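This report refers to the structure that appears directly beneath it.
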Amino acid sequence: MAQGVMVVAELFNGSFKKVSLEALSKGKALADSLGESLVAVVMGAAVSEPAKELAKYGADLIVVAQDADLEGYRPCQQHNVLVDIINDKAPRMVLFGATRQGKELSANVSATLDVGLAQECLDLFIEDQKLVAKRTLFGGKIIATVDIEGDTQLATIRPNVFEITEATGAGVVEECAVNLGTVNVTLIEEKVEVSSKIELTEADYIVSGGRAMDGPDFSILENLAATLGGAVGASRNAVDAGWRPQTDQVGQTGKVVSPKLYIACGISGAMQHIAGMSTSDVIVAINNDPDALIFKTSDYSIVDDLFDVVPAITEEIKKL
Ligand code: FAD
134 MAQGVMVVAE
144 LFNGSFKKVS
154 LEALSKGKAL
164 ADSLGESLVA
174 VVMGAAVSEP
184 AKELAKYGAD
194 LIVVAQDADL
204 EGYRPCQQHN
214 VLVDIINDKA
224 PRMVLFGATR
234 QGKELSANVS
244 ATLDVGLAQE
254 CLDLFIEDQK
264 LVAKRTLFGG
274 KIIATVDIEG
284 DTQLATIRPN
294 VFEITEATGA
304 GVVEECAVNL
314 GTVNVTLIEE
324 KVEVSSKIEL
334 TEADYIVSGG
344 RAMDGPDFSI
354 LENLAATLGG
364 AVGASRNAVD
374 AGWRPQTDQV
384 GQTGKVVSPK
394 LYIACGISGA
404 MQHIAGMSTS
414 DVIVAINNDP
424 DALIFKTSDY
434 SIVDDLFDVV
444 PAITEEIKKL
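If you're matching positions, the sequence shown starts at 134 in my numbering and goes up one per residue.
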């Protein structure tokens with residue numbers, strides 16, 4: 134019979150992604166409410182040392198799968214290994230961070246095991262011993278409560294939604310046998326973005342610019358983001374114009390973010406953009422069109438020229 138909560142933790146450059154620690158904390162709370170154990174899974178080339186850290190977040194058992202072919206973005210290889218681990222441990226539920234890798238890996242596992250998956254969850258709770266999820270639908274227009282089918286239920290959690298809380302777990306490390314199985318994907322080249330910037334999905338403060346920026350000079354937004362200790366995002370129009378890299382794009386075909394504060398500057402508020410930021414705690418919109426759609430979503434609406442407002446806000450914040 135399925136038992137326990139499993140969390141797949143993702144390492145990047147030797148550190149666990151913030152969303153993985155958020156998933157572990159939520160997993161620990163779910164495991165406690167069931168009176169069952171929390172199992173963490175870590176896959177990569179040399180992960181047994183960093184994996185030990187997960188005991189600090191309540192992991193009772195830490196399953197380590199080590200192989201050079203599991204390092205980095207390897208959803209196919211990781212899928213094959215993870216399916217073996219799930220079949221062996223038979224957890225009730227498996228949580229992933231809703232990163233690009235987490236979403237692809239969970240979808241592949243869901244298809245192979247023929248079990249349900251809820252993506253980008255905003256809340257998870259137990260009802261009748263089963264996992265129930267809250268997630269947005271229709272581009273963020275509604276928040277639905279969904280049942281997840283199957284003996285092992287899968288869910289990815291949206292970054293920045295759950296708190297990280299430290300807890301004591303037994304932290305037993307178990308190295309598992311790795312069978313990479315058949316992989317029908319050949320890696321030709323890997324380009325890793327080297328950046329000192331705060332990763333958009335993990336930022337507490339995001340200042341985003343749209344077509345109104347009228348060129349690649351985003352310095353006023355960068356200054357405001359730096360003053361807040363946050364990151365700069367962009368609408369697809371700004372990205373398509375070549376002013377910002379695709380990794381900065383927020384929205385349906387970009388990143389989904391949930392910061393404490395999202396400041397949309399010169400962004401009209403198309404539903405594809407809203408889909409990526411509607412669950413931010415507080416949304417401020419600056420737009421010179423009083424009828425801009427974005428004002429239907431914003432908590433604070435500033436009808437003015439962003440080139441006047443953004444530097445003024447930055448100066449005021451610096452005084453604090
Ligand atoms: P615009 O719609 O041109 O809006 C610019 C805004 O700036 C206007 O509201 C204007 O009033 C305001 N403005 C102009 N000058 C100033 C000024 N000086 N001060 C203040 N305000 C000013 N879009 C995304 O963002 N992310 C996505 O992931 C995404 N995915 C998509 C997927 C699909 C399949 C499709 C079809 C579209 C997608 N889009 C996405 C595009 C989306 O539909 C919009 O076209 C886009 O979001 C608009 O970008 P924008 O708001 O920057 O530009």
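Glycine included, every Cβ here is placed at the ideal spot set by N, Cα and C.
Model, not experiment: these values are computed from the prediction.
The beta carbon of lysine 161 is closer than 7 Å to those of Leu171, Tyr190, Gly191, Ala300 in its chain, skipping five residues each way along the sequence. Judged by DSSP in its simplified three-state form, alanine 364 adopts strand. Rounded to whole angstroms, the separation of the alpha carbons of glutamate 204 and threonine 319 is 14 Å.
Excluding residues up to 5 positions away in sequence, Ala223, Pro224, Arg225, Asp284, Thr285 lie with their Cβ nearer than 7 Å to the Cβ of alanine 135 in the same chain. Pairwise C-beta distances place the stretch 413-421 in contact with the stretch 376-396, as three or more of them are shorter than 8 Å. The C-alpha of phenylalanine 428 lies about 6 Å from the C-alpha of serine 434.
Per the coordinates, the alpha-carbon of isoleucine 331 lies some 35 Å from the alpha-carbon of alanine 310. It is roughly 10 Å from the alpha-carbon of alanine 198 to the alpha-carbon of asparagine 312. Cβ atoms of threonine 298 and serine 411 stay farther apart than 8 Å, at about 26 Å. Your pair glutamate 143 and glycine 235 checks out as a contact, with CB atoms roughly 7 Å apart and the cut at 8 Å.
Counting along the chain, lysine 222 sits inside the alpha helix (DSSP H) bounded by residues 208-222. Between leucine 163 and leucine 257 a beta carbon distance of about 6 Å is seen, short of the 8 Å cut, so the two are scored as contacting. Under the DSSP assignment, valine 294 falls outside any alpha helix (DSSP H); it carries neither an H nor an E label. Contact holds between the stretch 173-184 and the stretch 206-215, because three or more Cβ pairs, one in each stretch, are under 8 Å apart. Assignment of leucine 171 by DSSP, reduced to helix, strand and coil, places it in the strand class.
Looking at the DSSP output, arginine 268 sits in a beta bridge with Cys254, Ala277.
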